[in-house]
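Note that our numbering has the sequence shown beginning at 190, numbered continuously upward.
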Amino acid sequence: MPAATALAHPNIALCKYWGKRDRALNLPSVPSISLTLSPFSTRTTVEWGVATDELIMNGGPASADEARKVFAVLDLVDSWRPRARVVTANDFPTAAGLASSSSGFAALVLAATAAAGQKPSAEQLSILARRGSGSAARSIFGGWVEWRAGERPDGMDSHAWEIQPVDWWDVRMVVAIFDGGPKSISSREGMKRTQETSPYYPAWVASAPLDVSEARAAIRSRDIEKLGAIMERSALRMHASMMAADPPVLYWKSGSVWAQETVTSLRKKGIPCAWTMDAGPNVKVLCEAGSAAEVAARLGAVADRVQVLVPGGPARLVNGPA
Ligand code: 2P0
């Protein structure tokens, strides 16, 4: 049976995606910018032409909800598709503070199209990955990545592209992990609620394009101070729009604020660094390679665990099963 295996890295947004202009097609209301991050990855094998659809995730059968999302994406790869067996595994623990959906759907569409004998462009892969999970559109590419919001109703102009490759700038992303309790609300539900009830949502949408164009310029000129200011501004505006939803969408914990204050004090000491936060309490800190050890040590004093990540390459086909 035709099979292929692909590997993709997760990404963390520097300018955030929050809100959809089309829920069915997963089209964002705002453009976003991310950094693809190594060493963590998802490895996925897709085998077409088996007896029954089957999804194995991290060594065991996946939930019905996860299987529904995965096979819906395979239906887009081939609407007359044969049944498929999908085996996927992350080499990072769920508790590593990273979203596995970005690397997961990127690896899935690359493996599925290759096993079907298709040769899509990276942009076409990004559009397919987006249908599984928005942030996955960005993990098709390595390094510094922008995802266009696009304007077309069919979403064919809403895909990611590489601003600069993986080796453009030797930075680190230091993740400060705060354990404690399950995620209060899924990103999908949090976005919907923000969009439907937050009086600040229109202001968030209006402010995002300028953040993206300024961040793109800061990446191209390797200006960490400028990029850092935009990163924090984007994260704060996104979280402000969530907090103003009814009921509020609040992912912050006390440790999140400690980590943010640590970043501010590092900057006062002359170490350029900046934080971002996603749909959870963990704080991710961007800094140059030479200051990563000090940033990690300082964050280690306030966080439960710290993880240092480096820029990662694009999704790619690999040998051997997942
Ligand atoms: C991002 N997040 O830009 C933003 C910032 C979380 C906060 O993308 O509904 O799993 O599958 O498109 O991509 C997380 O949401 O949401 C996310 P769906 P996704 O990284």
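Think of the CB as a built atom: it goes at the ideal place given N, C-alpha and C, for glycine as much as any other residue.
Here the structure is a predicted model, which is why all the values come from computation and not from measurement.
Taken in chain order, the complete alpha helix (DSSP H) segments of 4 residues or longer contained in the segment 458 to 500 are 481 to 489. In the DSSP secondary-structure assignment, Gly249 is bridged to Met246. Residue burial is scored here from C-beta neighbours: Pro342 has fewer than 16 other C-beta atoms within 10 angstroms and is therefore classed as exposed. Rounded to whole angstroms, Asp267 and Phe367 show a C-alpha spacing of 41 Å. With respect to Leu506, Thr194 sits close: the two C-beta atoms are nearer than 8 Å. Relative to ligand 1, Ser324 has its C-beta within less than 7 Å of a heavy atom. DSSP, read as helix, strand or coil, puts Gln353 in strand. Partner residues in the beta bridge of Met362, as assigned by DSSP, are Leu475, Leu498. Taking the Cβ of Lys415 as the reference point, every heavy atom of ligand 1 lies at 7 Å or farther away. In terms of CA proximity to Ser291, Leu196 leads the group Thr451, Leu265, Leu196, Val438. Here the alpha carbon of Ala448 sits roughly 34 Å from the alpha carbon of Gly248. Every alpha helix (DSSP H) stretch that sits fully inside the segment 375 to 433 and reaches 4 residues is listed by chain position as 376 to 386, 390 to 409, 413 to 432.
Here the alpha carbons of Ala511 and Leu299 stand approximately 13 Å from one another. Taken through DSSP and simplified to helix, strand or coil, Glu340 comes out as coil. In the DSSP secondary-structure assignment, Ala278 is bridged to Arg232.
Relative to the non-hydrogen atoms of ligand 1, the Cβ of Ala404 never comes closer than 7 Å to any of them. Within a 10 Å sphere around the beta-carbon of Thr465 sit 16 or more other beta-carbons, which makes this residue buried.
In this structure, Asp467 has its CB closer than 7 Å to one or more heavy atoms of ligand 1. The bridge partners DSSP lists for Glu335 are Ile222, Trp350. Exclusion of Ser292 from the 7 Å shell around ligand 1 follows from its C-beta lying no nearer than that to any non-hydrogen atom of the ligand. About 22 Å separates the beta carbon of Arg361 from that of Ala468, a gap too long to meet the 8 Å contact definition. Annotation: Val438 is outside any beta strand (DSSP E) and is labelled neither H nor E by DSSP. Thr233 is not a Cβ neighbour of Asn200, given a cutoff of 8 Å. In this model, Asp264 and Ala301 are separated by some 10 Å (Cα to Cα). For Trp464, the shortest C-beta to heavy atom distance toward ligand 1 is 7 Å or greater.
Counting C-beta atoms within 10 angstroms of its own C-beta, Ala504 has 16 or more neighbours from the protein chains shown and is therefore classed as buried. An exposed status is given to Arg257, since fewer than 16 other beta-carbon atoms sit within 10 Å of its beta-carbon. Within the chosen limit of 7 Å, ligand 1 reaches the beta carbon of Arg377 through at least one heavy atom.
Look at Thr453 here: in three-state DSSP terms it is helix.
For the pair Asp359 and Ala433, the CB atoms are not nearer than the 8 Å cut-off. Residue environment: Glu385 is assigned as exposed (fewer than 16 neighbouring CB atoms within 10 Å of its CB, all protein chains considered). As a beta-bridge residue in DSSP terms, Lys209 pairs with Pro217.
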